[in-house]
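In what follows, a single structure is set out as structure tokens and then discussed.
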Amino acid sequence: MRKPRLYSRVAPSPREAVLRTLPVPAFDDNYLWLVHDTGGNALVVDPGDAAPVLAALREQGLQLHTILLTHHHGDHIGGVAALQRQFPEVEIFAPHDERIAIATRRVAGGDHVDLARPSLRLEVLDLPGHTRTHIGYVGAGLLFCGDTLFSVGCGRLFEGTPAQMLTSLDRLAALPADTAVLCAHEYTLSNCAYAISVEPGNAALRQRVQEVRERRARGEPSLPSSIRQERATNPFLRIDEAEVVAWARREHSIAPGARVERFAALRRGKDQFRMPASW
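If you count by my numbering, then the sequence shown holds residues 829 to 1107, one letter each, in order.
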């Protein structure tokens, strides 16, 4: 993959400077998001591997001040200890979960993370479903949603229930439309293949497929997405759209009013789906 492009965002509050986000590739398909200001102050989200983060910090001339964690899986926390050794004063925000051993502050939905370097205020969201203690962070037009929401998809249900995950996704769908979605994996093309099988009449989704194919062919990330784009293309946020309702009734005999059951069937379908070789 080519070097990811910086994504700049002008924060809405006067106290917040221009922020730049950088997706740092790791493992097979993870993105470890670096956010920094023009003064070289940085935070990183879900650093499952320290090596690419340290390399990006050196290359960009950045100082790491904060680590934000969304859940306990190893590909999201595996690099924290090594980063803490390099930056002993780093603040580490994490959910209330004993499986995350290193944290300087535990946070839950409704809490706020107020950072000085970079200057940024984030609200913590409870997002159970993928795991029981999964959280997200939103502020300055940015959403760090870990493995809850993906572009044109959502995370697997390892610990939570369909009802919990649906509630979490409804919460994210209600965010402002221009909120940038900075999720943790490059799954967009395979998610599009599944979404097309559910909602073949969705013109916005077909346009998204073409856009993603072009970006990936150039070696560029498909992310960030936006809440507006996800509302238009993501079947897990379009659970009440007519074509999705019809799919659930046709394929699984699910009544139109059975919203949670429809979501559960949609998620099971994705678990079993294999992207065609032609994609």
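All C-beta atoms, glycine included, are put in the ideal place defined by N, C-alpha and C.
Every value quoted in this text rests on a predicted model; they were computed, and no experiment measured them.
DSSP on residue i, reduced to helix/strand/coil?
i: R945; result: coil
i: H893; result: strand
i: D903; result: helix
i: V980; result: coil
i: S1081; result: coil
i: S1050; result: coil
i: I928; result: coil
i: L885; result: helix
i: P1104; result: coil
i: E1071; result: helix
i: A1005; result: coil
i: P880; result: helix
Along the alpha helix (DSSP H) that carries residue i, what are the first and last residues, could you check?
i: N858; result: Here N858 belongs to no alpha helix (DSSP H); instead the beta strand (DSSP E) covers N858 to H864.
i: Y965; result: Run containing Y965: none in the alpha helix (DSSP H); it sits in the beta strand (DSSP E), I963 to G967.
i: N1019; result: T1016 to V1026
i: F1091; result: R1087 to Q1100
i: L985; result: Element bounds for L985: n/a, residue is neither H nor E.
i: S996; result: P990 to A1001
i: P956; result: Neither: P956 is in no alpha helix (DSSP H) and is coded neither H nor E.
i: I1055; result: I1055 to T1061
i: L911; result: V908 to Q914
i: L1033; result: A1031 to A1045
Which same chain residues, not among the five before or five after residue i, have their C-beta less than 7 Å away from its C-beta?
i: L942; result: A small fix is needed here, since residue 942 is Asp in this sequence, not Leu. Closer than 7 Å at the Cβ level, and outside the excluded window around D942, lie R949.
i: D939; result: V952
i: G964; result: T898, L953, L955, L971, F972, C973, G974 and T976
i: P1101; result: The sequence shown places Phe at residue 1101, rather than the Pro named in the question. Y1022.
i: N869; result: Q891, H893, R945 and P946
i: Q914; result: L882
Just list the residues that DSSP pairs residue i with in beta bridges.
i: A922; result: R934
i: V873; result: W861 and L896
i: H940; result: E951
i: H1013; result: N858
Would you give the residue range spanned by the beta strand (DSSP E) that residue i belongs to?
i: R848; result: V846 to A854
i: L1010; result: A1008 to L1010
i: L970; result: L970 to F972
Counting only the same chain and skipping the five closest in sequence on each side, list residues whose C-beta sits under 8 Å from that of residue i.
i: H1013; result: D857, N858, Y859, D975 and F978
i: L1033; result: V980, C1020, A1023, I1024, E1027, A1060 and T1061
i: S1054; result: A1005, D1006, T1007, A1008 and V1009
Following a CB-centred definition, is residue i positioned closer than 8 Å to any heavy atom of the ligand ATP?
i: P851; result: For the structure depicted, the ligand ATP is absent and the ligand set is empty, with no information on it obtainable.
Quick one: residues in its chain with C-beta nearer than 6 Å to the C-beta of residue i, no 5 flanking neighbours on either side, listed in chain order?
i: F921; result: L896, R933, V935 and V941
i: H1080; result: A1093
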